[in-house]
Amino acid sequence: MKKRKGFVIKRTAIDSKMRSLGLVNIHDVCPEVLVDIRYSSTNNVWNKNMYGNLKNAYFQPFVAERIKKAQQILSEEKPGYKLLIWDAARPLSVQQIMWDEIDEPLNIRHWYVANPQKGSLHNYAVAVDLTIVDENENCLDMGTDFDYFGHPAYSNMEDYYEETGQLSKEQAQNRRYLANLMRRAGFSPSKTEWWHYNASSLQNAKANFKIIE
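Using our numbering, read the sequence shown as starting at 2 and increasing by one per residue.
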């Protein structure tokens with residue numbers, strides 16, 4: 002066990018595995034961000050703990066630096082606000098479980114979960130699922146919960162959903178702000194998940210990084 006600036010860091014087997022792949026704990030780079038790994042509990046759409054005792058968010062070093070940049074911009078523009086990370090590096094074995102157990106038709110399953118035969122950017126530690134919390138650590142209202150499978154979660158249709166009343170003005174504005182913030186930090190958004198951001202293409206990730214088995 003290691004102590005650092007008020008944190009107590011427990012090194013588990015999965016933490017050691019992540020570090021052996023050259024990944025970094027986001028709190029070693031940016032202590033300000035909050036982390037709540039939803040797949041390390043039953044508080045997710047699968048109602049299943051898929052990560053065991055993993056509590057830390059791991060990324061490729063350059064991704065962690067971009068998250069740090071996003072937090073710095075957020076702190077400057079909205080003092081007291083923080084990023085809250087829900088998912089980071091993800092083993093391919095978990096990707097397979099998600100694919101097998103998602104309650105969606107096979108022909109549209111890839112809209113919501115990457116096919117493990119191709120791999121997800123999470124499997125290379127170059128993607129992040131996150132949101133923003135205010136100074137009281139309350140999540141900003143984004144209109145849907147994390148891992149909501151449906152059109153209202155699509156990140157490229159805020160104008161339409163606001164016009165049709167499926168998103169309030171505040172919800173749409175919050176999502177636009179998050180997307181703009183992450184773009185400025187070097188991320189690109191997912192089209193079907195407002196919370197998901199990529200720091201690399203899948204082709205580049207496969208060429209440069211080892212997949213997390």
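From the three backbone atoms N, C-alpha and C, an ideal C-beta is built for every residue, glycine too.
Sort out for me which residues DSSP pairs residue i with in a bridge.
{"i": "residue 193", "result": "Paired residue(s): none; residue 193 is not in a bridge."}
{"i": "residue 140", "result": "134"}
{"i": "residue 30", "result": "Answer is none; residue 30 lacks a bridge partner."}
{"i": "residue 128", "result": "199"}
{"i": "residue 188", "result": "Beta-bridge pairing links residue 188 to no other residue."}
{"i": "residue 59", "result": "26"}
{"i": "residue 35", "result": "85"}
What's the C-alpha gap between residue i and residue j?
{"i": "residue 37", "j": "residue 27", "result": "12 Å"}
{"i": "residue 157", "j": "residue 193", "result": "8 Å"}
{"i": "residue 211", "j": "residue 88", "result": "18 Å"}
{"i": "residue 75", "j": "residue 175", "result": "13 Å"}
{"i": "residue 182", "j": "residue 104", "result": "32 Å"}
{"i": "residue 209", "j": "residue 166", "result": "43 Å"}
{"i": "residue 144", "j": "residue 163", "result": "10 Å"}
{"i": "residue 97", "j": "residue 50", "result": "14 Å"}
{"i": "residue 48", "j": "residue 42", "result": "8 Å"}
Please state whether the Cβ-Cβ distance between residue i and residue j is less than 9 Å.
{"i": "residue 169", "j": "residue 142", "result": "yes"}
{"i": "residue 133", "j": "residue 82", "result": "yes"}
{"i": "residue 92", "j": "residue 213", "result": "yes"}
{"i": "residue 79", "j": "residue 135", "result": "yes"}
{"i": "residue 148", "j": "residue 67", "result": "no"}
Can you tell me where the alpha helix (DSSP H) with residue i in it begins and where it stops?
{"i": "residue 49", "result": "Where residue 49 is concerned, there is no enclosing alpha helix (DSSP H), given that its DSSP letter is neither H nor E."}
{"i": "residue 168", "result": "It is not in any alpha helix (DSSP H) - residue 168 carries neither H nor E in the DSSP assignment."}
{"i": "residue 110", "result": "Here residue 110 belongs to no alpha helix (DSSP H), and DSSP marks it neither H nor E."}
{"i": "residue 42", "result": "Where residue 42 is concerned, there is no enclosing alpha helix (DSSP H), given that its DSSP letter is neither H nor E."}
Between which two residues does the beta strand (DSSP E) holding residue i run?
{"i": "residue 88", "result": "83-88"}
Examine the Cβ distances between the segment 127-144 and the segment 56-74 and report whether three or more of them are shorter than 8 Å. With a cut-off of 8 Å, the segment 56-74 and the segment 127-144 count as touching, because enough Cβ pairs lie within range.
Take every Cβ of the segment 114-123, pair it with every Cβ of the segment 72-86, and state whether three or more of those distances are shorter than 8 Å. Taking a contact to require three or more Cβ pairs closer than 8 Å, the segment 114-123 and the segment 72-86 do not qualify as touching.
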